[in-house]
Each structure stands twice: as C-alpha cells, then as structure tokens.
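Residue 261 in the working numbering sits at position 231 of the sequence shown, and the numbers go up by one each step.
A virtual CB, placed ideally from N, CA and C, is assigned to each residue, including glycine.
These numbers come from a predicted model, not from an experiment.
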Amino acid sequence: MDTRSRTVPLWLDQAASLAWRAIVVGIAVYVVVVVFGRLRVVVIPLIVALFLSTVLVPPAQWLRRRGWPALAATWAVFLGGLLVIAAVLLYIVPSVTNHFSDLQHQANRGITRIQDWLVRGPFHMSRAQVKKDFHNFGKQLNKNKGKFLQGALQQASVLIEVIIGGILSLVFAFFFVKDGDAFSSWLLGLVRPETADDLRALGNRLWRTVSGYIRGTAINGLVNGVLMFAALIGLGVPLAGPLAVLTFAGAFFPIVGALLTGALAALIALVAKGPVAALIVVGVTIVIHNVEGYLVGPIVLGRAVKLHAIVVLMALTAGGAVGGVLGAFIAVPTTAALLNVIDFYRS
C-alpha cells in the first residue's frame, strides 16, 4: 500500500480524479467554443452548407442516374431551388406591400376597438384613464425612437455578416453537391484504412440524422403553416399567406419559432380584427405547438433526432449567442449530430 492511499481517503482520491478530468474537459470545451466564435464566419456557413446539401444531393443524384453530367445536375438543382425561393418572395413582398396601407388604417381602428373593449369589457376601466395610458405609451415610443434607430444601425454589421455567410453557404453547398463524393474519398484517403471505415460509417450515420431532421422539420413546418393559414383565413385576418410561410420557416427554430410567428400573427389579428380574433390565434398557436411536439414531430422525425425540450432551448440559446440567426438555425441538428458521435463511439 503506497503512502497516498494511507493518507488520503478513497472517496477524496476519486473525487479529485473526477474534478481534474472535469476541469480538462471544461477547458477543452471552452477552447472549442472560443475557436468556433472566432471562425464563425467560416464555420457556420460550412455547417449550413452541409445541411443544404442533404436537401440538394438527392435530386442531383437522381439527375445523374439519368445521364446528366455532375455540373449540369448541380446547376439544375440550384437554379430550381432559387426559382422556388424567388416565387415565394414574389408572392410575399407584393402581398405585404398591398396590405401595408390597409393595416395602418386598421391599426387606428384597432386601437379604438381595444380602448372600447377595455372600457366596456371585463376590466371596466374609465375612458379617461384608457386614453391617458395610451397617450403615455405613445410618448414613450416617441422618446425611445432614437434608441431603436441606434440599435438598428448597430445591427447593420450583423446583417452584412449574415449576407456574407449566406453567400459562402451557397458556394460551399454547390461544391458539396457537385464534388461531395470525391471530396469525402480524398479525406478518407488521408487516414488508415481501419480508421477510414469507422469514419465512413460515422459519416453515413450523421448524414441520415441531419437529412432526416431537415426533411422531418420541413414536413412539420408544412403542417404548421397549413393549420395557421386555415385559421387566419377563417378569421379573415390579412396577410394569411405570408404568415403561413413564416410559420413554416419558424419550424426550423423549434419551440421559439412557433411562439414568435404565433405572436406576430396574433398581433396582426389584434390590429385587424380585435382582441377576440387575437385570442383565437393564440389558441391556434398553442394547438400548433402541441401538434408539433406530440403528434407530427415524433411521427415524422422518428429516431432521427431525439432531444429533450430543455436541450433544444439550451442549443438554440447557445447557437444564437455564438452565431446569430444562422447559429440558431443549425443549433438543434448540430447538437443531435454531436450526440450521435458520442453514441457511435460509446457503442
């Protein structure tokens, strides 16, 4: 028996061993996060490009099997995707522009309607108090208008970074779709054959996970968008189409996306149709969230991504803090992929 075992209790020795290992792991995680933050202009577009590739590779391979050259198939898939995006924008932008002036008039009527509801509704407030509160609220908005403008100017650099990141993502995705097989073969050729086999199996597993997440989330978002569109059309709320498209996009930001798009839809319903319509939209948002969480999500996603809601929120928060909108977009599938890596090596 050595001297340490006689002088240090066993439980303390084990605790010390765990402590220094935890410190080493913590330092390693911190270094990775710092490096990721420094290189996020390149790293995040690279990850986004991999996610885009899971959607674009299958149609490109389908064209190649029918005799299309790799370059022609890649261009066809990319141009087709850009045409779809352009069609959506051509639908949304004129719709929003045409309804903007109407919304301004409806906003004034909506404010009057809300004031009447506060006076005659369950709160029984006095007309003078309601007008005073609304007047003070308007003064506060005018007072903080400069701060809002300053904040918007500060976000201009973030917008430029997002645009650059989007362009890089498209460039990376183009070459992944065109030369992905050759590039992966070249990378695997740099390591030993037995290691290459493990990496190939891991890569196939991660590809299935991410592609399953993207496809499942798209179907999930489609169901959410259809439900929101039906509810808004039934209530006669303007901008039902654009709000449905935003609801579809919000599905790629789990939990947070549904709440934000639902809040926007409720706000427009409040302005256009009054408090009752807004409350109905809030109820529809709750229904959509439950359909997403307990019906469509588990059925569609299956075993591709199995993350607890707390893990999802933590991933979204960390991704948004490090990489903004793009970071939040890739946070959940990246977390799922990392957990798959751990599970692969553990098994």
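Item	Value
Who are the Cβ neighbours of residue 86 in its own chain at under 6 Å, not counting the five residues just before and after it?	107 and 207
Alpha carbons only, please: which of 84, 147 and 306 is nearest the one belonging to residue 248?	84
Give the secondary structure of residue 350 by DSSP, where H, G and I count as helix, E and B as strand, and everything else as coil.	helix
Span of the alpha helix (DSSP H) holding residue 47?	40–68
Report back the beta-carbon spacing between residue 361 and residue 349 to the nearest angstrom; my notes put them in contact at under 8 Å.	3 Å
Using three-state DSSP, classify residue 220 as helix, strand or coil.	coil
Going by beta carbon distance, what residues of the same chain come within less than 8 Å of residue 161, once the five residues before and after it are set aside?	145
Apart from the five residues on each side of it in sequence, which residues of its chain come closer than 7 Å, Cβ to Cβ, to residue 278?	251, 252, 254 and 255
When burial is assigned at 16 or more other CB atoms within 10 Å of the CB, is residue 314 buried or exposed?	buried
Is residue 64 buried or exposed, if buried means 16 or more other CB atoms sit within 10 Å of its CB?	exposed
Could you tell me the boundaries of the alpha helix (DSSP H) in which residue 300 lies?	286–303
With a Cβ-Cβ cutoff of 8 Å, do residue 257 and residue 321 count as a contact?	yes
Helix, strand or coil, according to DSSP, for residue 72 in the structure here?	helix
Would residue 311 pass as a contact of residue 295 if the rule is Cβ separation under 8 Å?	yes
With a Cβ-Cβ cutoff of 8 Å, do residue 363 and residue 125 count as a contact?	no
In three-state terms, what does DSSP make of residue 237?	helix
Comparing alpha-carbon positions, which option in 55, 196, 120 and 98 lies nearest residue 76?	196
How would you write the range of the alpha helix (DSSP H) that residue 278 sits in, first residue to last?	270–280
Please report the distance separating the alpha-carbon of residue 240 from that of residue 283.	15 Å
In its own chain, which residues sit with a C-beta less than 8 Å from the C-beta of residue 31, not counting the 5 before and 5 after it?	Legend: pLDDT at residue 31 = 47, less than 50; position of this residue unreliable, no value from coordinates given.
Closer than 7 Å: is that where the CB of residue 95 sits relative to any heavy atom of the ligand COA?	Ligands are entirely absent from the displayed structure, and the ligand COA is therefore not among its contents.
Let me know the secondary structure DSSP gives residue 105 once reduced to three states.	helix
Which value, in whole angstroms, describes the spacing of the CA atoms of residue 150 and residue 164?	16 Å
Report back the beta-carbon spacing between residue 365 and residue 351 to the nearest angstrom; my notes put them in contact at under 8 Å.	At roughly 14 Å, the Cβ-Cβ gap does not stay under 8 Å, so residue 365 and residue 351 are not in contact.
Out of curiosity, what's the CA-to-CA distance linking residue 190 and residue 68?	17 Å
Hey, out of 308, 281, 319 and 288, whose CA is closest to residue 264's CA?	308
How should residue 110 be labelled, buried or exposed, when 16 other C-beta atoms within 10 angstroms of its C-beta is the threshold for buried?	exposed
Assuming residue 93 contacts residue 103 under a Cβ cut-off of 8 Å, what Cβ separation, rounded to an integer in Å, is found between them?	4 Å
Per DSSP, what kind of secondary structure is residue 156 in: helix, strand or coil?	coil
Can you tell me whether DSSP reads residue 377 as helix, strand or coil?	coil
Alpha carbon to alpha carbon, what distance is there between residue 260 and residue 377?	46 Å
Going straight from the alpha carbon of residue 169 to that of residue 115, what length do you get?	40 Å
Assuming the contact rule is C-beta atoms closer than 8 Å, residue 82 and residue 203 should be a hit. Round their C-beta distance to whole Å, please.	4 Å
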